[in-house]
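All residue numbers for the sequence shown refer to numbering that gives the first Met the number 0, where the first residue is 0 and numbers rise by one. Below: one structure, written as structure tokens.
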Amino acid sequence: MATPTNDRVRKHREALRMAGLRPVQLWVPDTRQASFAALCREQSARLANDPQETEILEWIEDISDQKGWR
């Protein structure tokens with residue numbers, strides 16, 4: 000027998016489908032793993048002196064609306 004919570008979830012999903020949406024499952028890195036931080040450091044170190052990375056970061060800085068952030 001379905002619980003009220005199950006009914007609400009089912010109805011919500013049906014409404015989303017009726018709106019033309021569909022569910023998608025995404026797999027992302029597990030940030031809780033100890034190796035995740037080490038991998039981030041390694042990848043960042045590889046980009047530290049990369050000219051393309053510097054160019055992209057400067058471009059992002061130039062086009063970003065930072066009013067009120069500082």
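The C-beta atom is built at its ideal place from N, Cα and C for all residues, glycine as well.
What's the gap between the Cα of residue i and the Cα of residue j?
i     : j     : result
Ala14 : Thr2  : 18 Å
Gln51 : Arg45 : 12 Å
Arg12 : Asp6  : 10 Å
Gln24 : Glu41 : 28 Å
Val8  : Cys39 : 36 Å
Gln65 : Pro28 : 29 Å
Can you check the segment 6-64 for any beta strand (DSSP E) of at least 3 residues that lies completely inside it and give the ranges in chain order? none
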